[in-house]
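Notes to accompany the following structure.
Residue numbers (the working numbering): 1 to 580.
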């Protein structure tokens, strides 16, 4: 077993003394926590190293007009709405910006391209000519980040300042296209892939650690009249709040790792001008960013509420996590818009499956949507609750629902267009159905990705068994939460939903004994968590009291309210008497 010392706040006088309630959770370990941490990090060497050390892109209004006479691009914000808003470090820090702008050369618009634009002097840091830049002001959180605004008034940059791996402008203004239109979206794909593992997911993981640890320290009432007060985590309702969040944390981790590996494999092909993989890569990164930020936001809030009143205190660390993760629902793409981009990808591939064999050259579907061409299974074959613990069964169930919803969305779209509706209007009138289909597809991808990740853990049977319970819980929780979609066409019967619920409740009991160990494996230090409720040693109430004493209002000998009251009384004595 690995040493937990690196996780502990050694500055606390009690940090060497484990709270007995949390120590008992770690006393008998059914798997090697350090080994699971290594798996999450991608290897023991990575664990050691870690411990050591826009929405509608085509609608963006900023223009970059090429001037062949000077071989410069003229970058200009033609309207107030063309102002760049929100980029981090722009408010006070950045000296250069990577600006997405509509390229105009030889009198023609060539779509979005990226340009390196100097915005502040390297001598005195003042804005350069033509640059209006500043901070956007207070936000819900991230006050340490100087998010800013930027307006450009005919700012000239050299021709070489255009990023030109996939497109070039020659000195005479000739536009040379080296990639596809989708290749211009590649930087956003890269950012989204990095966001999943580096920014969004850790916020939910931290919330799970804090809530789970607090839930074994906090005791409330008795399960049996003769028992001592029970740990809150022993109550099924608390498990129902927290274990789905823990399960989806692991599901998202393995999916994000898989997506990162897919991107790394694809990147060499993209550099060799093979862009066939881009649509699927874009759809996967877009859908996963939307789903992960949605579920992480909901999950972090659930963890906060599961900690009762202390979860509302900033000393818990949870309010900060909730406000930080909620921002992810809008930065790097608003989630509804992202889901609808996934929906367009799904519609296009579904229509491909409906083409007659001789009408056009047939191409194979991307792996993530191969289920659209699979034989339709009309009914779920489950006969008992244990059948719902079969990955093949619940993966097939999610594929069935996703395929049906995609088919329904296409049917509604085609019905409107055949009745004479404009194609764009027909799309707008069916976006709610498309949104539902995209969300089902994304959930299917997480279930399938989690199940496939488990297959690679054959050499770690103890860890594989524990993680399979989380995979089962994630899949079944989604089925129960969206049971109407599974009952709609009688794929599941009411009796089968009851079976799924039985399997789900049994899983809560099984996961309970490993819950603390599964959160320990995330390997956050006390300093990183910054939570009085979530420290490794479990000494919650000692920290709450100590940290509360450090509040500035508790350092004053005489309270401010007392001083104000005395001042008011003295003032009242000096006022002349009035007849009333």
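Cβ coordinates follow ideal geometry from the N, Cα and C atoms, glycine included.
Here's the rule I'm using: 16 or more other beta-carbon atoms within 10 Å means buried, otherwise exposed. How should residue i be labelled?
i	result
residue 355	exposed
residue 293	buried
residue 140	exposed
residue 62	buried
residue 213	buried
residue 523	buried
residue 374	exposed
residue 25	buried
residue 55	Residue confidence is low: residue 55 scores 39 on pLDDT, short of 50, so the model does not pin down where it sits. Its coordinate-derived value is still stated next. Under this definition residue 55 is an exposed residue.
residue 27	exposed
residue 205	buried
residue 88	exposed
Whose C-alpha, out of the options, is nearest the C-alpha of residue i?
i	options	result
residue 223	232, 215 and 216	232
residue 236	451, 379 and 511	511
residue 164	151, 157, 178 and 154	178
residue 376	396, 282 and 210	396
residue 297	471, 248 and 26	248
residue 345	466, 527, 30 and 367	367
residue 32	286, 129, 174 and 465	465
residue 41	387, 309, 260 and 285	260
residue 266	255, 339, 280 and 254	280
residue 85	546, 148 and 254	148
residue 113	122, 119, 120 and 102	102
residue 176	105, 519, 122 and 199	105
residue 150	209, 82, 124 and 193	82
residue 275	442, 324, 166 and 299	166
residue 528	197, 134 and 321	321
residue 501	481, 491, 191 and 489	481
residue 449	250, 263, 363 and 514	250
residue 341	269, 309, 286 and 566	286
residue 492	506, 507 and 476	476
residue 253	216, 272, 67 and 202	202
residue 162	225, 515, 387 and 72	72
residue 299	246, 284 and 312	246
Quick check: the Cα distance between residue i and residue j, rounded to an integer number of angstroms?
i	j	result
residue 444	residue 398	5 Å
residue 137	residue 90	12 Å
residue 351	residue 372	10 Å
residue 331	residue 447	25 Å
residue 168	residue 425	36 Å
residue 240	residue 469	14 Å
residue 57	residue 521	Note that residue 57 scores 43 on pLDDT, short of 50, meaning its location in the model is unreliable and no value can be drawn from it.
residue 160	residue 100	15 Å
residue 171	residue 65	13 Å
residue 234	residue 385	23 Å
residue 290	residue 227	45 Å
residue 474	residue 542	35 Å
residue 107	residue 78	17 Å
residue 637	residue 347	Residue 637 falls outside the range modelled here, since the chain spans only 1 to 580, and no answer is possible.
residue 370	residue 442	14 Å
residue 314	residue 539	17 Å
residue 455	residue 288	21 Å
residue 156	residue 191	27 Å
residue 460	residue 536	25 Å
residue 111	residue 158	19 Å
residue 98	residue 211	40 Å
residue 534	residue 329	25 Å
residue 19	residue 197	32 Å
residue 471	residue 458	15 Å
residue 306	residue 508	16 Å
residue 263	residue 273	15 Å
residue 256	residue 189	13 Å
residue 389	residue 503	7 Å
residue 343	residue 434	6 Å
residue 519	residue 380	34 Å
For residue i and residue j, which I take to be in contact (beta-carbon distance under 8 Å), what is that distance rounded to the nearest angstrom?
i	j	result
residue 405	residue 383	About 26 Å separates the two Cβ atoms, so there is no contact after all.
residue 438	residue 485	Incorrect: roughly 13 Å between the Cβ atoms, too far for contact.
residue 116	residue 96	6 Å
residue 585	residue 35	With the chain covering only 1 through 580, there is no way to say anything about residue 585.
residue 154	residue 130	6 Å
residue 93	residue 143	Wrong, their Cβ atoms sit about 14 Å apart, outside the cutoff.
Using a Cβ-Cβ cut-off of 8 Å, state whether residue i counts as contacting chain D.
i	result
residue 151	No chain D is part of this structure, which consists of one protein chain only.
Quick one: does the C-beta of residue i sit closer than 7 Å to a heavy atom of the ligand MN?
i	result
residue 489	Only the bare structure without any ligand can be found here, which leaves the ligand MN out of the picture.
Original post:
At what residue ranges does the segment 60 to 104 contain a whole run of the beta strand (DSSP E), taking only runs of 3 or more?
Top reply: Positions of the beta strand (DSSP E) runs, each at least 3 residues long and wholly inside the segment 60 to 104, are given as 63 to 67 and 72 to 76 in order along the chain.
Original post:
Which ranges does the alpha helix (DSSP H) cover as unbroken runs of at least 4 residues, wholly within the segment 498 to 524, from first to last along the chain?
Top reply: 515 to 520, all fully within the segment 498 to 524.
Original post:
In chain order, which continuous runs of the alpha helix (DSSP H) of length 4 or greater are located wholly inside the segment 358 to 438?
Top reply: As far as the segment 358 to 438 is concerned, its whole alpha helix (DSSP H) runs of at least 4 residues are 391 to 418 and 423 to 428.
Original post:
For the segment 189 to 259, which segments carrying the alpha helix (DSSP H) assignment without a break, of at least 4 residues, lie completely within its bounds, in sequence order?
Top reply: If only complete runs of 4 or more residues are kept, the segment 189 to 259 shows the alpha helix (DSSP H) at 201 to 217, in order along the chain.
**OP:** Return the chain-ordered ranges of every alpha helix (DSSP H) run that is complete within the segment 440 to 499 and spans a minimum of 4 residues.
**Re:** Runs of the alpha helix (DSSP H) inside the segment 440 to 499: 461 to 481 and 483 to 487.
**OP:** Pick out the complete alpha helix (DSSP H) segments inside the segment 265 to 322, 4 residues or longer, and give them in chain order.
**Re:** Counting whole runs of 4 or more residues, the segment 265 to 322 contains the alpha helix (DSSP H) stretches 278 to 306.
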